[in-house]
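Student: Read top to bottom, the protein sequences are chains S and P. The opening position of the first sequence corresponds to residue 120 in my numbering, with each subsequent residue numbered one higher. The opening position of the second sequence corresponds to residue 120 in my numbering, with each subsequent residue numbered one higher.
2 protein chains.
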Amino acid sequence: VERKVAVVSAAQTKYGKSPVTARELALTAAADCIDQAGADPKEIGLGVVANCFGVVESQAHLAPILMTQIGNPSAPSFTVESACSSGGSALHIAFAGVRSGLYDTVLCVGVERVTHLPLAKSTEYFSMGSDYSFEGCCGATFPGLYAVMARAHMHERGTKSEDLAAVAVKNHENASMNPKAHLQKRITVDEVLASPLVADPLHFFDCCPFSDGAAAILVTTEEKARKMGGESVEVAASVRTGGPAALQSRERLDSLDAARRAAGLAYRQARITPKDVGFAEVHDCFTIAEVMAIEDLGLVGAKEAPRAAAEGITARDGAIPVNASGGLKAKGHPVGATGLGQVVEVFDQMLARAGTRQVPRSDVGLTHNVGATGGSCAVHVFKRMR
Amino acid sequence: VERKVAVVSAAQTKYGKSPVTARELALTAAADCIDQAGADPKEIGLGVVANCFGVVESQAHLAPILMTQIGNPSAPSFTVESACSSGGSALHIAFAGVRSGLYDTVLCVGVERVTHLPLAKSTEYFSMGSDYSFEGCCGATFPGLYAVMARAHMHERGTKSEDLAAVAVKNHENASMNPKAHLQKRITVDEVLASPLVADPLHFFDCCPFSDGAAAILVTTEEKARKMGGESVEVAASVRTGGPAALQSRERLDSLDAARRAAGLAYRQARITPKDVGFAEVHDCFTIAEVMAIEDLGLVGAKEAPRAAAEGITARDGAIPVNASGGLKAKGHPVGATGLGQVVEVFDQMLARAGTRQVPRSDVGLTHNVGATGGSCAVHVFKRMR
Numbered sequence: 120v121e122r123k124v125a126v127v128s129a130a131q132t133k134y135g136k137s138p139v140t141a142r143e144l145a146l147t148a149a150a151d152c153i154d155q156a157g158a159d160p161k162e163i164g165l166g167v168v169a170n171c172f173g174v175v176e177s178q179a180h181l182a183p184i185l186m187t188q189i190g191n192p193s194a195p196s197f198t199v200e201s202a203c204s205s206g207g208s209a210l211h212i213a214f215a216g217v218r219s220g221l222y223d224t225v226l227c228v229g230v231e232r233v234t235h236l237p238l239a240k241s242t243e244y245f246s247m248g249s250d251y252s253f254e255g256c257c258g259a260t261f262p263g264l265y266a267v268m269a270r271a272h273m274h275e276r277g278t279k280s281e282d283l284a285a286v287a288v289k290n291h292e293n294a295s296m297n298p299k300a301h302l303q304k305r306i307t308v309d310e311v312l313a314s315p316l317v318a319d320p321l322h323f324f325d326c327c328p329f330s331d332g333a334a335a336i337l338v339t340t341e342e343k344a345r346k347m348g349g350e351s352v353e354v355a356a357s358v359r360t361g362g363p364a365a366l367q368s369r370e371r372l373d374s375l376d377a378a379r380r381a382a383g384l385a386y387r388q389a390r391i392t393p394k395d396v397g398f399a400e401v402h403d404c405f406t407i408a409e410v411m412a413i414e415d416l417g418l419v420g421a422k423e424a425p426r427a428a429a430e431g432i433t434a435r436d437g438a439i440p441v442n443a444s445g446g447l448k449a450k451g452h453p454v455g456a457t458g459l460g461q462v463v464e465v466f467d468q469m470l471a472r473a474g475t476r477q478v479p480r481s482d483v484g485l486t487h488n489v490g491a492t493g494g495s496c497a498v499h500v501f502k503r504m505r
Numbered sequence: 120v121e122r123k124v125a126v127v128s129a130a131q132t133k134y135g136k137s138p139v140t141a142r143e144l145a146l147t148a149a150a151d152c153i154d155q156a157g158a159d160p161k162e163i164g165l166g167v168v169a170n171c172f173g174v175v176e177s178q179a180h181l182a183p184i185l186m187t188q189i190g191n192p193s194a195p196s197f198t199v200e201s202a203c204s205s206g207g208s209a210l211h212i213a214f215a216g217v218r219s220g221l222y223d224t225v226l227c228v229g230v231e232r233v234t235h236l237p238l239a240k241s242t243e244y245f246s247m248g249s250d251y252s253f254e255g256c257c258g259a260t261f262p263g264l265y266a267v268m269a270r271a272h273m274h275e276r277g278t279k280s281e282d283l284a285a286v287a288v289k290n291h292e293n294a295s296m297n298p299k300a301h302l303q304k305r306i307t308v309d310e311v312l313a314s315p316l317v318a319d320p321l322h323f324f325d326c327c328p329f330s331d332g333a334a335a336i337l338v339t340t341e342e343k344a345r346k347m348g349g350e351s352v353e354v355a356a357s358v359r360t361g362g363p364a365a366l367q368s369r370e371r372l373d374s375l376d377a378a379r380r381a382a383g384l385a386y387r388q389a390r391i392t393p394k395d396v397g398f399a400e401v402h403d404c405f406t407i408a409e410v411m412a413i414e415d416l417g418l419v420g421a422k423e424a425p426r427a428a429a430e431g432i433t434a435r436d437g438a439i440p441v442n443a444s445g446g447l448k449a450k451g452h453p454v455g456a457t458g459l460g461q462v463v464e465v466f467d468q469m470l471a472r473a474g475t476r477q478v479p480r481s482d483v484g485l486t487h488n489v490g491a492t493g494g495s496c497a498v499h500v501f502k503r504m505r
């Protein structure tokens, strides 16, 4: 019999511009997470840190520093990096660790700090997540690469700038109800369309911000979760997939192959269909990414996808609420933290503690976390523990 | 019943100064490894890359690029980093992946390229593996930190510079028989002692070089290993531990707590005692590190440890051959590759293909891979498949 895996606690810092370094951000989220669980740090068998650009603060080998700081220096720990899907990869490793029987309790902490860098520098670092020899080095940074996908979507599917803008408007509105969000300001479609073009057809407000922040979750066995007594959430599916690293190698540009496959495998692993999903946190680094995601995940049909936000389908009170947290777009995108921050939102929603942004149907939640332009993807499904 | 885990193939590039980038080094080792196994790249369920400083070549997210290049872009992959123990951590993740039943076949590839950087730059990057806020930023680079441990060892245990020099002499001699080694030149105790002091009491020849290189292993189930038909090696124990990140938090400086605990756990997991170990590859980033390692692992007694190399105990034909490959000291130390390169040596020794440096008793091999000054440690035990 396979061991069931549970999330027993989840916490995050506010996303935004941090005066303190990544090690302090990570410690803050980790300590809060451990506190909320009422756990003894010494119970933690393994620490998995998700982080991409620690070297900009001259700190590699962050994981044992964190474990030392939380009071369990003896526990093994390491950092995982898969660009923007590092957080989802950390949870996947934790899942395998618990499933294997090697570990009972795993602490996952995602963290990033980049806003202290000049904008050109953070853009340069982010572009290292692309296939640099063929993309980044030629000047194709992420807004440019996602603009190519947006243009393809417009060309082949009739998607309009207004449709993309509606995604931004929805996610900013959701973030306005999230005290942990980076951008809590509501915006309008007109404001999105009037904002400067970053990479045609993507406007400034089609793009997520560079954020600092950390997120932490405590993962353990179903048995231990019950013993700990608090409410917890079952990890019903944990799937990681890959896709061709560079855009030039893709058969199509209006969908991420890695996401489609991850979704199919995750639904099978969780023994559900897309219709069972009550709400989802998806990887909307750019508005076009959310349009692709909801279709790749089967949450809406191919024809509905472009207009889903505009028509309220993905609103908090719509047929399938997407990014009730505000998403990467407005909650923010501290790269290493992002995938675990999605889990924090799912955990809060499932425990009915999401305040004014609470979604109506929170029995089954899904997270979708993409690395770069789709070279990596993690999809997780969460169910209420019975 | 727990699934047994096997290494079915192992390959590495020559260590040294590489004109090509990390992505080419990684691909070279990976392709050779897959070739030797006669495996179909599509059979690989997961790719784990061990790498620390990919950003110096502007490439993060290296794992899906490698998987794309070997012809299996759909497989999940990510990078693991735990400073100099990244390679050992990669194998540990592969072990958990196979043990959990989530994956049948995992490709681990370690890689690093730093020699194209100015020496001051590579020193700066390496120091990021320390607890930078308390060590690196104050100028305490790794030679300095290991010099502190060497001085403590001399003070408390009577270890002499000649004892340390004997480690270097042995490992250079071993490397002279290893065509993949970075430094294939034999040296004498007098040469070591006459070489410049890098950080008193460590001389130039007490220190490992900065190296470029890659190493790859293919990890799978016992069942699949048998089906593949070639010779393979059982991973009888896979243990990762942690220790206090900075030297200032340690109770003692003449031993690594993380290594002692890892060794104890590994022997129990493999159901052996230290006496059963036929040969070992240990983490000799500095000569003093080998002296500590062989004692921490229980391969020699506390009194024997300082003079073990000088007295021939750890020679290829000694009681317990240590670093027959040449070790980090002379085979070289391409950070991300090192822990997996140790496994390549164990694999070659156990398959009796180590040429003139073949050790006499190769039925049980051990690898010991340390992150930084002992914030992380990985110990693996390998047995001949029966």
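Glycine residues also receive a C-beta, built at the ideal position from the N, C-alpha and C atoms.
I think M247(S) touches V174(P), with their Cβ atoms under 8 Å apart; what is that distance to the nearest whole Å?
Tutor: Yes, M247(S) and V174(P) are in contact; Cβ-Cβ is about 6 Å, under 8 Å.
Student: Does the count of Cβ pairs from the segment 389–397 of chain P and the segment 275–282 of chain P closer than 8 Å reach three?
Tutor: No, because fewer than three Cβ pairs between the segment 389–397 of chain P and the segment 275–282 of chain P fall closer than 8 Å, the two stretches do not touch.
Student: Taking a contact to mean a Cβ-Cβ separation below 7 Å, would you say A209(S) touches V199(S) in this structure?
Tutor: Yes, the pair counts as a contact, with Cβ atoms nearer than the cut-off.
Student: Please name the residues in the segment 239–269 of chain S whose beta-carbon is closer than 8 Å to at least one beta-carbon of chain P, in chain order.
Tutor: Within the segment 239–269 of chain S, the qualifying residues are E243, Y244, S246, M247, G248, S249, D250, Y251, S252, G255 and C256.
Student: Could you check whether P183(P) and G190(S) sit closer than 7 Å to each other, using their CB atoms as the reference points?
Tutor: No.
Student: Roughly how many angstroms lie between the CA atoms of L384(P) and A377(P), to the nearest whole one?
Tutor: Approximately 11 Å between the Cα atoms of the pair.
Student: Report whether the distance from the Cβ of M411(P) to the nearest heavy atom of the ligand MN is below 6 Å.
Tutor: For the structure depicted, the ligand MN is absent and the ligand set is empty, with no information on it obtainable.
Student: Can the beta-carbon of R324(P) be found closer than 7 Å to that of I306(P)?
Tutor: A small fix is needed here, since residue 324(P) is Phe in this sequence, not Arg. Yes.
Student: Taking a contact to mean a Cβ-Cβ separation below 7 Å, would you say L506(S) touches C327(S) in this structure?
Tutor: Any property of residue 506(S) remains undetermined from this structure, which presents chain S solely from 120 to 505.
Student: Alpha carbon to alpha carbon, what distance is there between L226(P) and H452(S)?
Tutor: Each residue's Cα considered, the two are about 30 Å apart.
Student: What alpha helix (DSSP H) runs, 4 residues minimum, are completely inside the segment 447–504 of chain S?
Tutor: Listed in chain order, they are 454–469.
Student: Going along chain P in order, which residues have a C-beta closer than 9 Å to the C-beta of I184(S)?
Tutor: Chain P residues near I184(S): D250, Y251, S252, A364, A365 and G494.
Student: Within the 7 Å Cβ cut-off, does V509(P) reach chain S?
Tutor: Lying outside 120 to 505, the shown extent of chain P, residue 509(P) is not represented and no answer is given.
Student: In chain order, what residues of the same chain have a beta carbon less than 6 Å from the beta carbon of A271(P), not counting five sequence neighbours either side?
Tutor: Correct list, in chain order: L372 and D373.
Student: Output the distance between the C-alpha atoms of A429(P) and M411(P), rounded to the nearest integer angstrom.
Tutor: If I take the Cα positions, the gap works out to 15 Å.
Student: Run through chain P and tell me which residues come within less than 7 Å of G451(S), C-beta to C-beta.
Tutor: None at all; the shortest Cβ gap to chain P is about 20 Å.
Student: Are the C-beta atoms of E310(P) and some chain S residue less than 7 Å apart?
Tutor: No, no contact with chain S.
Student: Beta-carbon of T360(S) versus every beta-carbon of chain P: anything under 7 Å?
Tutor: So, interface residue.
Student: Thinking C-beta only, is V127(S) closer than 7 Å to A156(S)?
Tutor: Yes, they are a contact pair.
Student: With DSSP as the reference, label Q303(P) as helix, strand or coil.
Tutor: Three-state result, Q303(P): coil.
Student: C327(S) CB to nearest chain P CB: under 7 Å?
Tutor: No, C327(S) does not count as interfacial toward chain P.
Student: Could you tell me the distance, in whole angstroms, from the CA atom of T140(S) to the CA atom of G255(S)?
Tutor: Looking at the two C-alpha atoms, the distance is approximately 27 Å.
Student: Taking the beta strand (DSSP E) that T278(S) belongs to, which residues open and close that run?
Tutor: First-last for T278(S): undefined, no H or E at that position.
Student: With distances taken from CA atoms, which of D223(S), Q131(S) and L181(S) is nearest K346(S)?
Tutor: Answer by Cα proximity: D223(S).
Student: Taking L165(S) as the reference, which of R476(P), C496(P), P298(P) and K502(P) has the closest Cα?
Tutor: It is C496(P).
Student: With DSSP run on the structure shown, which of helix, strand or coil describes L165(S)?
Tutor: L165(S) falls in the strand class under three-state DSSP.
Student: Kindly indicate which three-state DSSP category T406(P) falls into: helix, strand or coil?
Tutor: Helix.
Student: So A215(S) contacts chain P; which residues on that side make the cut at Cβ distance below 7 Å?
Tutor: Chain P residues near A215(S): A215, G216, S219 and L221.
Student: Whose CA, out of G494(S), H301(S), E414(S) and R142(S), lies closest to the CA of V228(S)?
Tutor: Closest by alpha carbon: R142(S).
Student: On the premise that A443(S) lies in contact with R476(S), defined as a C-beta separation below 8 Å, what is that separation, rounded to the nearest angstrom?
Tutor: The Cβ separation is near 5 Å, so the contact holds.
Student: For the alpha helix (DSSP H) that contains A377(S), what are its first and last residues?
Tutor: Unbroken alpha helix (DSSP H) run through A377(S): D376 to A389.
Student: Apart from the five residues on each side of it in sequence, which residues of its chain come closer than 7 Å, Cβ to Cβ, to K289(P)?
Tutor: For K289(P), where only same-chain residues beyond five positions count, the Cβ hits under 7 Å are A428, T433 and A434.
Student: Is it true that the CB of A300(P) sits closer than 7 Å to the CB of A471(P)?
Tutor: Their beta carbons are not under 7 Å apart, which means A471(P) does not touch A300(P) by this criterion.
Student: Which residues of chain P have a Cβ atom closer than 9 Å to the Cβ of P195(S), listed in chain order?
Tutor: Those within 9 Å of P195(S) in chain P are S201, S208, H211, V358, R359, T360, G361, A377, A381, S495, C496 and A497.
Student: Would you please verify whether the beta carbon of G490(P) is less than 7 Å from any beta carbon of chain S?
Tutor: Judged by the 7 Å Cβ criterion, G490(P) is in contact with chain S.
Student: Can you grab the Cα-Cα spacing for the pair V354(S) / R122(S), in whole Å?
Tutor: Their backbone Cα atoms lie some 11 Å apart in a straight line.
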